[in-house]
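Participant:
Residue numbers (our numbering): 192 to 805.
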């Protein structure tokens, strides 16, 4: 960061940043909302479970209900041998990195229950009858009883999906959704995600069984759904997007690798189905006094769901680029992004209520939608806040930074990205200032995106052991230099603000899909500072332009009678312990628990260093 960039910017100390969070009193702690999302169409006695099963039974693997494989516990035996190399209870850096690699969230594992495990052959150079028979067996579907879970279990999963997951990832139009032959795969995908909220390992295993079965069913017959088009093609696209989300959050590395591998395929399917031609449901649908209100409402909802599927694909694209450190598949320029309708319009429960809101939108003289899109040439089409638009736009900025890091990342790019992120913050902060009004945890994503501007997370992951004991020449030197630079100090402040924001959330609040990764990266930053920052490093105040020029900086200045002299002197490894504890406790995503297990090894490293220094 050049000095001219920071010349006219005030300094922000650690205490100031910690106090810059404002009031956390606007939390509906006693509003449980347990039954507010129960659909009236839940699976009942008249629902044909056999028909639903048959819709996906053409391809096959068993509905295994055992414990989910690829658990972190699989690595314990191997790690025990690594620990044996330590002396006097200490754990060497090589052993720490080996343990981190074994637990890494993208490291594929061999699942013991895999029915087609390959066996060594004595005659690999010869194709004989025994080889042909074995190959035929591996290609044959596993013929077992493909019975779905009970209707009660499906109902529970459906209710939990709409109560817990729908608010943080709204791509299904709940008021008009009904089970049908066209939406069978979507219903099962909803159940697979809903199973994660049941709170038992058996339910999670059933959810994963549904997820695996759906993947095989869709891959085996995708062209049938694609060329039928219409409602059925959209339902399959929604099912696939929800399946991708399951794979990202299940904590199973194989699921994550599977979904990332087929991400480009899903984008291609959406293009072939013509979905990318739809940008705005209010512009696509004819909404002027329709003769059949119910039909118009359902037609509009289908168009809006298409827009939201595209939004979800953009968000997933950004997530995969961040997780695997590669370029995004999609272009995330603002003019290309889909435009979702307002939150209020999407949840309108009846056609009449929806139509009244539409008429109100047309009669409004001006729009109060945040003008961040409009300032760069996108038409604003709603007079109320659309949180998915803010989400997609911010995810696009994150994806653009990852793409830039894969090429030549220059100082001018950093200045431009800082301007974009500050503009986004100023446009959308009034709508998401308090956590209770920020279901997508966008401020967390904003802080994490700024961290990605100041450091390569690929570098941090390599340093802590993603690739094992070996480490590239120069990586440690780069980290030691980074922790004492302004960029490294700014990262710590953003990491602390991520932790503070999430710490204030009620335990019943479900975090957005990017939250585990953002909190994990905050932990990596905390570890690198605790591990590599020299004791004699300078303790001067920190220049953070985005916080000083934003509402956070203004609030901090108002709360401080005199310029702060608080510095990094107060930072210690306790932050990493708290972040790891929060990862273990927050939400239902097993990915959070896997991230926490990865951070356990650095925690032991810091604890061992503390004991050794006494």
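We treat Cβ as the ideally placed atom computed from N, Cα and C, and that holds for glycine.
Since the structure is predicted, the reported quantities are computational estimates derived from the model, not experimental observations.
Assuming contact is defined by CB atoms lying nearer than 9 Å, are residue 697 and residue 783 in contact in what I supplied?
Facilitator: Contact: no.
Participant: By the DSSP assignment, the alpha helix (DSSP H) with residue 421 in it spans what residues?
Facilitator: Its alpha helix (DSSP H) spans residues 421 to 440.
Participant: For residue 530, which of helix, strand or coil comes out of DSSP?
Facilitator: Correct three-state label for residue 530: strand.
Participant: Tell me which residues share the same chain as residue 592 and place their Cβ nearer than 8 Å to its Cβ, disregarding the 5 neighbours each side in the sequence.
Facilitator: Counting only Cβ-Cβ distances below 8 Å, and skipping sequence neighbours, we find 608, 640, 643 and 644.
Participant: How would you label residue 722, buried or exposed, when you count the other beta carbons within 10 angstroms and need 16 or more for buried?
Facilitator: When all chains shown are included, residue 722 counts as buried.
Participant: Tell me the DSSP secondary structure of residue 629 in three-state form.
Facilitator: DSSP places residue 629 in coil when its eight states are reduced to three.
Participant: Here's the rule: buried if 16 or more other CB atoms are within 10 angstroms of the residue's CB, otherwise exposed. What is residue 486?
Facilitator: Exposed: under 16 other Cβ atoms inside 10 Å.
Participant: Which value, in whole angstroms, describes the spacing of the CA atoms of residue 559 and residue 396?
Facilitator: For residue 559, the predicted structure reports a pLDDT of 44, less than 50, and the residue's modelled location is therefore unreliable. The matter cannot be settled from this model.
Participant: In chain order, what residues of the same chain have a beta carbon less than 6 Å from the beta carbon of residue 537, not counting five sequence neighbours either side?
Facilitator: Cβ within range, chain order: n/a, list empty.
Participant: Helix, strand or coil for residue 446, going by three-state DSSP, please let me know.
Facilitator: In this structure, residue 446 counts as helix in the three-state DSSP scheme.
Participant: By how many angstroms is the C-alpha of residue 796 removed from the C-alpha of residue 606?
Facilitator: Going by the C-alpha atoms only, they are around 36 Å apart.
Participant: Consult DSSP for residue 649 and reduce its assignment to one of helix, strand or coil.
Facilitator: Reduced to three states, the DSSP call for residue 649 is helix.
Participant: My understanding is that residue 649 touches residue 516, with C-beta atoms under 8 Å, so please give their C-beta distance in whole angstroms.
Facilitator: Residue 649 to residue 516, Cβ: 4 Å. Contact.
Participant: Going straight from the alpha carbon of residue 631 to that of residue 519, what length do you get?
Facilitator: Spanning the two alpha carbons is a distance of roughly 21 Å.
Participant: Pairs of beta-carbons, one from the segment 614 to 622 and one from the segment 666 to 678, closer than 8 Å: are there three or more?
Facilitator: The answer is no - the segment 666 to 678 does not touch the segment 614 to 622, with fewer than three Cβ pairs under 8 Å.
Participant: Hey, how far is the Cα of residue 626 from the Cα of residue 330?
Facilitator: Looking at the two C-alpha atoms, the distance is approximately 50 Å.
Participant: In terms of DSSP beta bridges, what is residue 471 paired with?
Facilitator: For residue 471, which the question treats as bridged, DSSP gives the partners 530.
Participant: Any idea what DSSP makes of residue 777, helix, strand or coil?
Facilitator: Coil at residue 777, not helix or strand.
Participant: What is the rounded straight-line gap between the Cα of residue 766 and the Cα of residue 714?
Facilitator: So the two alpha carbons sit approximately 8 Å from each other.
Participant: Count the other C-beta atoms from every protein chain shown that fall within 10 angstroms of the C-beta of residue 419, then say buried if there are 16 or more, exposed otherwise.
Facilitator: Classification for residue 419: exposed.
Participant: Below 8 Å on the Cβ atoms is my contact criterion, and I expect residue 287 with residue 656 to pass it. Report the Cβ-Cβ distance as a whole number of Å.
Facilitator: Contact flag correct, Cβ pair sits at about 6 Å.
Participant: Grab me the residues of residue 611's own chain with a C-beta within less than 6 Å of its C-beta, minus the 5 sequence neighbours each way, in chain order.
Facilitator: Result list for residue 611: 588, in chain order.
Participant: According to DSSP, simplified to helix, strand and coil, what is residue 370?
Facilitator: Of the three classes helix, strand and coil, the one that applies to residue 370 here is coil, per DSSP.
Participant: For residue 578, tell me which candidate among 543, 621, 553 and 550 has the shortest Cα-Cα distance.
Facilitator: With distances taken between Cα atoms, residue 578 lies closest to 621.
Participant: Measure the alpha-carbon distance for residue 372 versus residue 386 and round it to whole angstroms.
Facilitator: Roughly 22 Å between the two C-alpha positions.
Participant: Please identify the residue among 427, 462 and 604 whose C-alpha is closest to the C-alpha of residue 377.
Facilitator: Comparing Cα positions, the closest option is 427.
Participant: Tell me, to the nearest whole angstrom, how far the beta carbon of residue 686 is from that of residue 717; I am working on the premise that it is less than 8 Å.
Facilitator: With a Cβ gap of about 6 Å, residue 686 and residue 717 count as contacting.
Participant: I think residue 510 touches residue 466, with their Cβ atoms under 8 Å apart; what is that distance to the nearest whole Å?
Facilitator: So it is not a contact: roughly 19 Å between Cβ atoms.
Participant: Do residue 738 and residue 770 count as a contact pair if the criterion is CB distance below 9 Å?
Facilitator: No, they are not a contact pair.
Participant: Quick check on residue 828: does DSSP put it in helix, strand or coil?
Facilitator: Residue 828 is absent from the structure shown; the chain starts at 192 and stops at 805.
Participant: Hey, residue 777 and residue 677 are a contact pair by Cβ (cut 8 Å); roughly how many whole angstroms apart?
Facilitator: Actually they do not touch by this definition, with Cβ atoms about 30 Å apart.
Participant: If you reduce the DSSP assignment to three classes, tell me which class residue 390 lands in.
Facilitator: Looking at residue 390 - three-state DSSP - the assignment turns out to be coil, as it is neither helix nor strand.
Participant: If you check the beta carbons only, do residue 491 and residue 413 fall under 9 Å apart?
Facilitator: No, these two residues do not count as a Cβ contact at 9 Å.
Participant: Report the CB separation of residue 582 from residue 633 in whole angstroms; it is logged as a contact under 8 Å.
Facilitator: The pair is a contact, with the Cβ atoms about 6 Å apart (cut-off 8 Å).
Participant: Would you mind working out which of 543, 381 and 494 sits nearest residue 431, comparing C-alpha positions?
Facilitator: The shortest Cα separation from residue 431 among 543, 381 and 494 belongs to 381.
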